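S.K.: Quick note: to get this note's numbering, add 58 to the position in the sequence shown (first position is 1).
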Amino acid sequence: MNNFEFYTPTKVFFGKDTHLLIGEKIAEYGFKNILFHYGKGSIKKSGLYDEIVNSLKKNNIKFTELGGVEPNPKLSLVRKGIEVCKNNKIDFILAVGGGSVIDSAKVIADGVCYDGDVWDFYDKKIPPQKGLPVGVVLTISASGSEMSSSAVITNDETQTKRGVNSPEHRPLFAILNPCLTFSVNKYQTACGIVDIMMHTLERYFSLPTYMPLTDEIAEGLLKSVIKAGKAAMENPNDYDARATLMWAGSLSHNDLTGAGKNVFMPCHQLEHEISGMYDFVAHGAGLAAVFPAWAKYVCKYDIDKFCRFAKNVWNIEIDKENPEKTAFEGIAATEDFFKSLGMPTRLSEFNIGNENFKKLANRCTFDGKRTLPGIVTLDEDKIFEIYNLMA
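(1) Give the secondary structure of H95 by DSSP, where H, G and I count as helix, E and B as strand, and everything else as coil.
(2) Please classify Q327 as buried or exposed, where buried requires at least 16 other C-beta atoms within 10 Å of its C-beta.
(3) Could you name each continuous beta strand (DSSP E) segment of 3 residues or more that falls completely within the stretch 234 to 299, going from the start of the chain to the end?
(4) Is DSSP giving S208 helix, strand or coil here?
(5) Between T197 and G156, how many whole angstroms is the CB-CB distance? I'm expecting something under 8 Å.
(6) Which residues mark the beginning and the end of the alpha helix (DSSP H) in which I166 is found?
(7) Over what stretch of residues does the alpha helix (DSSP H) that includes V142 continue unbroken?
(8) Does the structure place the stretch 365 to 373 close enough to the stretch 218 to 228 that three or more beta carbon pairs sit under 8 Å?
(9) Closest to G287 by C-alpha separation, out of M401, L447, G73, would be which residue?
(10) Measure from the alpha carbon of E82 to the alpha carbon of each residue in P229, G193, F415, N130, then state which is nearest.
(11) CA-CA distance, E274 and N112?
(12) Return helix, strand or coil for R421, following the three-state DSSP convention.
(13) Taking the straight line between their C-alpha atoms, what separation do you get for Y80 and I110?
(14) Across which residues does DSSP place V70 in a beta bridge pair?
(15) Here's the rule: buried if 16 or more other CB atoms are within 10 angstroms of the residue's CB, otherwise exposed. What is A449?
(16) How big is the Cα-Cα spacing for V206 and H227?
(17) Taking the alpha helix (DSSP H) that N370 falls in, what are its first and last residues?
(18) Could you give the distance in angstroms between the alpha-carbon of S333 and the alpha-carbon of L345?
(19) On the CB-based measure, 16 or more other CB atoms within 10 Å of its CB, does K74 come out buried or exposed?
(20) Could you name the residues of the same chain whose beta carbon sits closer than 7 Å to that of F442, not counting the 5 residues immediately before and after it, in chain order?
(21) For A153, which beta-bridge partners are listed by DSSP?
(22) Out of curiosity, what's the CA-to-CA distance linking A290 and I251?
(23) May I ask you to verify whether the stretch 296 to 307 touches the stretch 223 to 242, counting CB pairs closer than 8 Å and requiring at least 3?
(24) According to the Cβ coordinates, are F150 and I101 closer than 8 Å?
(25) Can you find the residues in the same chain that come closer than 6 Å, C-beta to C-beta, to F71, ignoring five residues on each side of it along the sequence?
(26) In terms of residue numbering, what span does the alpha helix (DSSP H) encompassing F121 cover?
(27) Indicate whether the contact test is met: 3 or more Cβ pairs, each with one atom in the stretch 125 to 143 and one in the stretch 158 to 172, closer than 8 Å.
(28) Would you report the Cα separation of S211 and P225, rounded to the nearest angstrom?
(29) List the endpoints of the continuous alpha helix (DSSP H) containing K103.
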């Protein structure tokens, strides 16, 4: 086990009707002038917007609104948010939505406390040093951004999608009411299930591969998500299933399932280039196409771990005479589960051909300047081969 730091300062308020406490909680922290950040209108249709506004007004919280966050959140809106915050002397950002809204809020928070262009952080010129505090009312179980140190943003001028991890990105608090996810449609629910699983799978297959306690936590989370995912797809109003997915989403990305490992998440890096170039690709759907291809390519470098995954997550007996067969059966079981959710597992299902695979591989390596570490180090040629396996 490697040395590690485990830091999860986000306070969680979990359960039914907890979102009605939002104004009270913000007031308890002493914030008086906030940015209310949200997506493209679903919270107004559901009535959540009115409930949030009423709670803020009841607690004398002054707020400025900024809606319009899209899936794969955009730098252009972030820059507008930074300007709004500076002009209105905002002291806190409230993100009401899913991962896209939360990430957008985090990047705005980065930029408010910086005199340069916020893209400097995501272009790896300088790390974030300070940010406005962010709070969350979560509406989609998926990204885990409500407890994570990560934020991902797309530069809509260059179609470049980049992420940054920083302690400054940990939200101050997160309100998690599973009932708010009842109205999430099946496609978005499925995308979320994949994203939750991938945050844990990427850590599970990180080095070192022998980590009994951490791996057993990861395996337990994966099995719970598979079971709850099936239940939520069958009955969107199944509170226990939705609650399991919501809590699993938070735990999958707060570093718990990767403690003691060198985590880099190559599948996410591969997917970021896809949804950066093809904005219509939802992140979770893109990951569903990436994982089987990546796993088939790298599994020969760690057959034992892929066999353990097949046995402990999918109950597949290990063929001691042919362990590679077991490894591939575990990968196939995962792919079949993604398909059962209605997720694509090939880029052709997005009508994406191979004409840009070379470009994707080059962008993923920052024009050949980096490799992706992991079970096997991926250079531009290997990444190109993996993209071809997704065709």
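All residues carry an ideal CB built from backbone N, CA and C; glycine is no exception.
Nothing here was measured: the structure is a model prediction, and the numbers come from that model.
M.R.: Reading from the atomic positions:
(1) As a first step, residue 95 is located in the sequence shown; it is residue number 37 there, counting from the start. Looking at H95 - three-state DSSP - the assignment turns out to be strand.
(2) For the purposes of this step, residue 327 is identified with residue 269 of the sequence shown, where counting begins at 1. Around the CB of Q327, 16 or more other CB atoms lie within 10 Å, so the residue is classed as buried.
(3) For the stretch 234 to 299, not one full-length beta strand (DSSP E) segment reaches 3 residues or more.
(4) Position 150 of the sequence shown, counted from the first residue, corresponds to residue 208. It is a strand residue.
(5) As a first step, residue 197 must be located in the sequence shown, where it is residue number 139. As a first step, residue 156 must be located in the sequence shown, where it is residue number 98. Rounded, the Cβ-Cβ distance is 6 Å, consistent with contact.
(6) Here residue 166 is taken as the residue at index 108 of the sequence shown, counted from 1. Its alpha helix (DSSP H) spans residues 157 to 170.
(7) Numbered from 1 along the sequence shown, position 84 holds the residue referred to as residue 142. Boundaries of the alpha helix (DSSP H) harbouring V142: 133 to 146, taken from the DSSP string.
(8) Contact fails: fewer than three Cβ-Cβ distances are below 8 Å.
(9) As a first step, residue 287 must be located in the sequence shown, where it is residue number 229. Selected option, being the one with the closest Cα: M401.
(10) Translated into positions along the sequence shown, residue 82 becomes position 24. The option with the nearest alpha carbon to E82 is G193.
(11) Looking up residue 274 in the sequence shown gives position 216. Looking up residue 112 in the sequence shown gives position 54. Distance between the alpha carbons of E274 and N112: 44 Å.
(12) What you label residue 421 is simply residue 363 of the sequence shown in a count that begins at 1. In this structure, R421 counts as helix in the three-state DSSP scheme.
(13) Locating residue 80 in the sequence shown gives position 22, where the first residue counts as 1. Locating residue 110 in the sequence shown gives position 52, where the first residue counts as 1. The question names Tyr, yet the displayed sequence has Ile at residue 80. Using only the alpha carbons, I get a separation of about 7 Å.
(14) By 1-based counting over the sequence shown, the position of residue 70 is 12. According to DSSP, which records beta bridges pairwise, V70 is partnered with A232.
(15) Sequence index remark: in the sequence shown, residue 449 carries index 391 (1-based). Exposed.
(16) Here residue 206 corresponds to residue number 148 of the sequence shown, with the count starting at 1. Here residue 227 corresponds to residue number 169 of the sequence shown, with the count starting at 1. Looking at the sequence shown, residue 206 is not Val but Ser. Computed Cα separation, rounded: 7 Å.
(17) Counting from 1 along the sequence shown, the entry for residue 370 is found at position 312. Taken as a continuous stretch (DSSP letters only), the alpha helix (DSSP H) holding N370 covers 361 to 372.
(18) Position 275 of the sequence shown, counted from the start, is the residue given in the question as residue 333. Position 287 of the sequence shown, counted from the start, is the residue given in the question as residue 345. The alpha-carbon atoms of S333 and L345 are separated by roughly 10 Å.
(19) The sequence position of residue 74 within the sequence shown is 16, counting from 1. So K74 counts as exposed.
(20) Reading the sequence shown from its first residue, position 384 is the one you call residue 442. Hits under 7 Å: F415, K416, A419.
(21) Indexing the sequence shown from 1 puts residue 153 at position 95. In the DSSP assignment, A153 is bridged to H95, V194.
(22) Indexing the sequence shown from 1 puts residue 290 at position 232. Indexing the sequence shown from 1 puts residue 251 at position 193. If I take the Cα positions, the gap works out to 10 Å.
(23) yes
(24) For the purposes of this step, residue 150 is taken as the residue at position 92 of the sequence shown. For the purposes of this step, residue 101 is taken as the residue at position 43 of the sequence shown. Taking 8 Å as the Cβ cut-off, F150 and I101 do not qualify as a contacting pair.
(25) The residue you call residue 71 lines up with position 13 of the sequence shown. Excluding residues up to 5 positions away in sequence, I233 lie with their Cβ nearer than 6 Å to the Cβ of F71 in the same chain.
(26) Locating residue 121 in the sequence shown gives position 63, where the first residue counts as 1. Where F121 is concerned, there is no enclosing alpha helix (DSSP H), although the beta strand (DSSP E) it sits in stretches over 120 to 124.
(27) By the Cβ rule, the stretch 125 to 143 counts as touching the stretch 158 to 172, because three or more pairs are nearer than 8 Å.
(28) To locate residue 211, count along the sequence shown from 1; it is residue 153. To locate residue 225, count along the sequence shown from 1; it is residue 167. It should be noted that the sequence gives Ile, not Ser, for residue 211. So the alpha carbons of these two residues sit roughly 17 Å apart.
(29) Numbered from its first residue, the sequence shown carries residue 103 at position 45. Unbroken alpha helix (DSSP H) run through K103: 100 to 104.
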